[in-house]
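Below is one structure, written out as structure tokens; the observations come after it.
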Amino acid sequence: RKEVEQDPGPFNVPEGATVAFNCTYSNSASQSFFWYRQDCRKEPKLLMSVYSSGNEDGRFTAQLNRASQYISLLIRDSKLSDSATYLCVVNKNPPASKLTFGTGTRLQVTL
Amino acid sequence: DAGVIQSPRHEVTEMGQEVTLRCKPISGHNSLFWYRQTMMRGLELLIYFNNNVPIDDSGMPEDRFSAKMPNASFSTLKIQPSEPRDSAVYFCASSFEDEQYFGPGTRLTVT
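Note that the protein sequences, when read in sequence, are chains A and B. Just so you know, the working numbering puts 47 at position 33 of the first sequence, and the rest follows in order with no gaps. Just so you know, the working numbering puts 61 at position 69 of the second sequence, and the rest follows in order with no gaps.
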């Protein structure tokens, strides 16, 4: 079983739609969690950290469910510019430690 | 502020040649990470340093790969001799605490 699992997609949604991605992790000792965004032929960029209480940044909401070991990302009012691959990332031993990346979920927002 | 700087951005070399990739982390960050990304294997951590000291090199594929961090503002990843299967995008990332910031990557092609 992979340490971090994501549905690869692609998720094809129209502009303005709401879309949600889930990610599961296998190590219950994992302590910190992130969503990164990666555009084609670019580097991964930190989108948001995921806190136990959940957090929101504009149109983006991240949730953590430790009991079920999953993380979610909700994008409201999708924009064409949201088209990218979204990587779920887990850190077992923060602060300075190896991150474990999921293989990513591809999102394509269309007109 | 400048982000993580990597050079070269693109490298094309022949099998058997030595390749050196360079990275300048964000000033003040104390951890540095080298990753490799391919379509087949996704994003893989090769090695990471904390305060210039290698902490975990378990991801380094084999003895042909070596990495150094002589000071807080510079690191190299060397492949000698290079092979076609080393073709990939190599990312450097740095962090101060938990959140890692990636450089633009070096796209390596070994023919």
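From the three backbone atoms N, C-alpha and C, an ideal C-beta is built for every residue, glycine too. Quick caveat: nothing in here was measured; it's all calculated off a predicted structure.
Test: residue i CB closer than 9 Å to a CB of chain B
{"i": "P24/A", "result": "no"}
{"i": "F74/A", "result": "no"}
{"i": "G118/A", "result": "yes"}
Residue i to residue j span [Cα, whole Å]
{"i": "E43/B", "j": "T68/B", "result": "Per the sequence shown, the amino acid found at residue 43/B is Asn instead of Glu. Straight-line Cα distance between these residues: approximately 15 Å."}
{"i": "I47/B", "j": "I39/B", "result": "8 Å"}
{"i": "E29/A", "j": "F35/A", "result": "16 Å"}
{"i": "L78/A", "j": "I85/A", "result": "5 Å"}
{"i": "S(-1)/B", "j": "C15/B", "result": "7 Å"}
{"i": "T30/B", "j": "V102/B", "result": "14 Å"}
{"i": "Y93/B", "j": "E6/B", "result": "31 Å"}
{"i": "T75/A", "j": "A59/B", "result": "38 Å"}
Member of the options whose CA lies at the smallest distance from the CA of residue i
{"i": "V4/B", "options": "C84/B, D90/B and S74/B", "result": "S74/B"}
{"i": "K13/B", "options": "T103/B, W26/B and L37/B", "result": "For the record, residue 13/B in the displayed sequence is Leu; it is not Lys. Taking only the C-alpha atoms, the option nearest L13/B is W26/B."}
{"i": "E81/B", "options": "L24/B, M7/B, A(-6)/B and L35/B", "result": "In the sequence as presented, Glu is not what sits at residue 81/B; that position holds Val. Nearest option by C-alpha distance: L35/B."}
{"i": "T98/B", "options": "M7/B, A(-6)/B, V11/B and D49/B", "result": "V11/B"}
{"i": "N105/A", "options": "N41/A, R73/A and A76/A", "result": "N41/A"}
{"i": "L113/A", "options": "S44/A, V27/A, D96/A and D21/A", "result": "S44/A"}
Residue-chain proximity (residue i, chain A), Cβ-Cβ < 9 Å
{"i": "G20/B", "result": "no"}
{"i": "L100/B", "result": "no"}
Cβ pair count under 8 Å reaching 3, the stretch 18 to 26 of chain B against the stretch 55 to 67 of chain A:
no
Please confirm if the stretch 61 to 71 of chain A is in contact with the stretch 105 to 124 of chain A, defined as three or more CB-CB distances below 8 Å between the two stretches.
no
Complete runs of the alpha helix (DSSP H) confined to the stretch 17 to 62 of chain A [at least 4 residues]
none
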